[in-house]
Amino acid sequence: MRRREVWGTAFIVAAASCVWAYHAIYGAYRAAAREDLLLYVVIPADSIASWFLVVAFLSGAVGLLFLLPALIGRIPKNVPRRIAGWITGISAAAAVPYFGLIFLFATLSAFGIGDTVKFVAADGTSALVSQDGFDGDAVAIYTEHDEFHYKRVRDAPEISGWPRVKDQNCRLDSAGDELRLICGDKTLRVVAEGTGT
């Protein structure tokens, strides 16, 4: 086995591991979303999963660039080797637009199309405010559920649009069981999970 083949195999194994991690993390994110929970580990879990997908695409492409020429070069006869090379080239050219779009959307998701901002009150209670990345009209507020999950408690159309939530100089205040998100002159009552309506 040549050095190119070893490196190609290593990159393909890394890509397969990243695809497995992507499916595991994104599956956990989707399972939490069905319960109106947001899986959040420093950043939302769907962004973490998308980073694994981006790395899988890049390492898979590099692995194929190392492996395919080496394997095609092992074909002893000239005509079958050329046919295999042409078929591989045509297949790669046909796959580039499809995988290019998937890579584009994975990269956008990894960098976070929307905003998820964490606010922490003086007593340590935290809340997340999530805003879509298109026009900013969908804003949702989440409160702590457990160590890695936040529960969706309400939508917040009052602070949607422009300027974005991350630019509104918001703060979170807590008074007993009630949380208040204050953004400029707007005060939003946030009911923490398990405290009623």
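Taking the working numbering, the leading residue of the sequence shown gets 472, the next gets one more, and so forth.
Ideal Cβ positions, reconstructed from N, Cα and C, are used throughout, including at glycine.
Checklist line | Nonlocal neighbours in the same chain, by C-beta distance under 7 Å from Ile546, ignoring five residues either side | finding: Arg552, Ala555
Next item on the list: Output the distance between the C-alpha atoms of Leu510 and Ala504, rounded to the nearest integer angstrom.
Entry: 8 Å
Check: Under the three-state reduction of DSSP, which class applies to Arg545: helix, strand or coil?
Finding: coil
Item checked: As assigned by DSSP and simplified to three states, the class of Pro568 -> helix
Notebook entry, point to check: Hey, how far is the Cα of Thr668 from the Cα of Trp522?
Noted result: Low confidence applies here, because Thr668 scores a pLDDT of 42, under 50, leaving its location unreliable and the question unanswered by this model.
Next item on the list: In the DSSP assignment, find the unbroken alpha helix (DSSP H) run with Arg501 in it and report its ends.
Entry: 474-505
Margin query: Between the alpha carbons of Pro540 and Val484, how many angstroms are there, rounded?
Written below: 18 Å
Notebook entry, point to check: Among Asp617, Ala481, Glu615, Asp603, which residue has its Cα nearest to the Cα of Val636?
Noted result: Asp603
Notebook entry, point to check: Buried or exposed: Gly595, going by 16 or more other Cβ atoms within 10 Å of its Cβ?
Noted result: exposed
Notebook entry, point to check: How long is the line joining the alpha carbons of Ala502 and Gly544, rounded to whole angstroms?
Noted result: 46 Å
Margin query: Am I right that Phe537 and Phe482 are in contact with their C-beta atoms under 8 Å? What's the rounded C-beta distance?
Written below: 6 Å
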